[in-house]
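Visitor:
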Amino acid sequence: MDFKVYLEKFSDPKHFAAVVKNIHRLKLEIDKESELLNHLIEIDELMVLKIISGFIVQSKLDNKPAKLKELFNLYLVLLRQSRDGQDYASCFWLTLNLLKKDLSPYLDKKNQEKYYTKLLEFSHQPSIYLKMRRLLVIFEGSLHKKEFFELVFDDVALADFINYFSQVRLLDKNNEAEYLNFFKQYRSSLVAVKNQLSRLPPGLLNQNFFSELKRVCYLNQNNPLPAMQQFIRIQGNLFRPSLNDKQSTHKASVHASASHSAQRLKELYHNQLVGCSAQKEILALLEQDNSLKSEAIREFFKQCQHFTSRDSTSDISLSELLAYCWIAIHDDSQRQSSLEEARTVILEGLYEMQRGYNLNEQGEDNGQESSPICFSGCFNKFIEKLVGVHPVANIIYLDHQTTTLKFKALVLASLDNYLMLRT
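If you use this note's numbering, the sequence shown corresponds to residues -3 to 419, in order.
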C-alpha cells in the first residue's frame, strides 16, 4: 500500500481515530510502521507517540524484547523530531514512564544508561520550553490548565526523578548544580506566586482571571514569573494593603517588628558586612536605565549619604540595613523567591523611599520634585519589602482596626467550637 495515499485518505481529523484503528488492525511491520508514523506525526505528534507506546507495551506482553528495543528506538527518533513545545513535555513524561516501567526489565545496567542518556540528549533541544519540559517531571499541571497555578509540588516525583538519574550516572559533579539548583530556584519562585495567590479574595480567582494570567505568561515566555507576579499584585492591589497605609510605617508595632527583623539579619550576616558593595552593584544594574524609577534610586543614594541616624533598638544604620538586605536576597539557602524577584522588590523599595510622598494610594507617581519619606520610614520599608522573600523579615501592623478584625475572628472561632461541642 502507498502510505502517502493512505495518509491523505485519512488526513481529515475526523478520520484520525480510523487511522489509529487501522494501524493496529493491519499489524504493520516495523519499517512500514516507521514510514506511516513519520507522516502521521505531521497531524498529531503526541497521539503518534502514544500509539507507539501502545506497540511497546504490546511487545512487552508478547515477550518480544528485540521488537521492543526497535520500537523504542523509533519512538526516540520521532520524539527528537517533535516540534511542538506544548506537546513535548507530555512526550518526555510519557517516554520516561515507558523507559522505567516497560523497557528497563529487558536491559542491563549499561543499556539502561544508554537509553536514559539518549532521552536526556533529546530533551536538550534549544527552546524556550526547555524549563517546562524538565519541570513536568516535578510539577503537576501546565500553563494550559488552571491547576498549574495551584502549584501542586510532587516531592515523590522529584525524589524518583533524581534517583533514576543517579542510578544511570547522569548526575555528576559537572551538572548536578545545574539540575538541582534549577529545581530549587524554580520551586521557590512558584511558592512565592502561590503565597501571592493566597492573599487574593476567592471571588477574584475566576476563569477570566486565569485566562488573563495565561495570556501574560504567553507574552513573557522567556521569563514569565516576574510578569505573573506583577499581574497578581495589580489585580489584588497587593502593592498597598488596606491595613498598611502610608503612615503605617510610623505605628509602634511596625517599628518594633522591623527593628527585630533587622537585628535577626544582623545576627545572620554581620560577618559578610565588610566588603559588601550593595549600592555599587545596584547602580551597575541600573547603568543603562534612565527611567523615572532608576533616576529616583540614584537620587536616593546621593541623599542617603547624609543619613547619620541609627535605629535605636537594633543600632543599625540605613546603609548597613541595605547591605544586610542585599546579602540576604543573595543567600540561596534562605531566599524564598527567585533572585530576580528579590532584586525587583528591593529596587521598588528604594524608589518608594525617594518618591514616597509623590505616590497616591494606587501607587501612581505625580511626576513632581521628589518628596522622600523619613529615616524611620525608610528603615521599615526595607524590612517590609523583604517580607515573603526572606524568612526572618516580619512586619506587624497592629492598630485598632487590625485588633478589631482579629477579635472578631477569635469570637467566631470560639463560637464554632462551642456549637460543635453542643451538637
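Each residue gets a CB set at the ideal place from its N, CA and C atoms; glycine is no exception.
Between serine 334 and cysteine 321, what straight-line distance do the alpha-carbon atoms span, to the nearest angstrom?
Guide: Going by C-alpha positions, serine 334 is about 15 Å away from cysteine 321.
Visitor: Whose C-alpha, out of Ile230, Val270, Phe371, Asp361, is nearest the C-alpha of serine 287?
Guide: Ranking the options by Cα distance to serine 287, first place goes to Asp361.
Visitor: Kindly indicate which three-state DSSP category arginine 331 falls into: helix, strand or coil?
Guide: DSSP, read as helix, strand or coil, puts arginine 331 in coil.
Visitor: Is DSSP giving arginine 260 helix, strand or coil here?
Guide: helix
Visitor: Alpha carbons only, please: which of Leu317, Arg331, Asp285, Glu380 is nearest the one belonging to leucine 269?
Guide: Leu317
Visitor: Within 10 angstroms of its Cβ, does arginine 211 collect 16 or more other Cβ (buried), or is it exposed?
Guide: Counting every other CB atom within 10 Å of its CB across the protein chains shown gives arginine 211 a total below 16, marking it as exposed.
Visitor: Output yes if chain B places a C-beta closer than 8 Å to the C-beta of valine 250; else output no.
Guide: No chain B is part of this structure, which consists of one protein chain only.
Visitor: Going by beta-carbon coordinates alone, are serine 257 and valine 341 separated by less than 8 Å?
Guide: no
Visitor: Can you say whether leucine 281 is buried or exposed, counting buried as having 16 or more other CB atoms within 10 angstroms of its CB?
Guide: exposed
Visitor: Could you check how far apart the C-beta atoms of glutamate 295 and glutamine 350 are, in whole angstroms? I think they sit under 8 Å.
Guide: 6 Å
Visitor: If I'm right that cysteine 272 touches alanine 338 with Cβ under 8 Å, what's the distance once you round it to whole angstroms?
Guide: Wrong, their Cβ atoms sit about 15 Å apart, outside the cutoff.
Visitor: Could you round the C-beta distance between glutamine 332 and phenylalanine 297 to whole angstroms and report it? I think they count as a contact, below 8 Å.
Guide: Between phenylalanine 297 and glutamine 332 the Cβ distance is about 27 Å, and since that is not below 8 Å, they are no contact.
Visitor: Which residue marks the beginning of the alpha helix (DSSP H) containing isoleucine 325, and which one marks its end?
Guide: 314 to 325
Visitor: Grab me the residues of serine 366's own chain with a C-beta within less than 8 Å of its C-beta, minus the 5 sequence neighbours each way, in chain order.
Guide: Ala292, Glu295, Gln350, Arg351, Asn354
Visitor: Would phenylalanine 375 pass as a contact of aspartate 307 if the rule is Cβ separation under 8 Å?
Guide: With respect to the 8 Å criterion, phenylalanine 375 and aspartate 307 are classified as neighbours on the basis of their beta carbons.
Visitor: Assuming the contact rule is C-beta atoms closer than 8 Å, tyrosine 265 and alanine 324 should be a hit. Round their C-beta distance to whole Å, please.
Guide: 6 Å
Visitor: Considering only their Cβ atoms, is the gap separating leucine 196 from isoleucine 228 smaller than 8 Å?
Guide: yes
Visitor: In this structure, what does DSSP give as the bridge partners for aspartate 361?
Guide: In the DSSP output, where bridge partners are listed per residue, aspartate 361 has Leu355.
Visitor: With the cut-off set at 8 Å, would you say asparagine 450 and serine 253 are in Cβ contact?
Guide: Here the chain covers residues -3 to 419 and nothing more, so residue 450 does not appear.
Visitor: Considering alanine 280, what are the terminal residues of the alpha helix (DSSP H) in which it resides?
Guide: 274 to 281
Visitor: Roughly how many whole angstroms lie between the Cα atoms of asparagine 202 and glutamate 263?
Guide: Taking the straight line from one Cα to the other gives about 44 Å.
Visitor: Assign arginine 306 to one of three DSSP states: helix, strand, or coil.
Guide: strand
Visitor: How would you label serine 290, buried or exposed, when you count the other beta carbons within 10 angstroms and need 16 or more for buried?
Guide: buried
Visitor: Count the other CB atoms, across all protein chains shown, that sit within 10 Å of the CB of histidine 140; report buried if there are 16 or more and exposed otherwise.
Guide: Confidence at histidine 140 is low in this model, with a pLDDT of 38, below 50, so the placement of that residue should be treated as unreliable; the coordinate-derived value is given next. Its Cβ having fewer than 16 others within 10 Å, histidine 140 is exposed.
Visitor: I need the straight-line Cα distance from threonine 304 to leucine 279, nearest angstrom please.
Guide: 21 Å
Visitor: Considering only C-alpha positions, which residue in the set Leu314, Thr309, Ile392, Asp285 is nearest to glutamine 299?
Guide: Leu314
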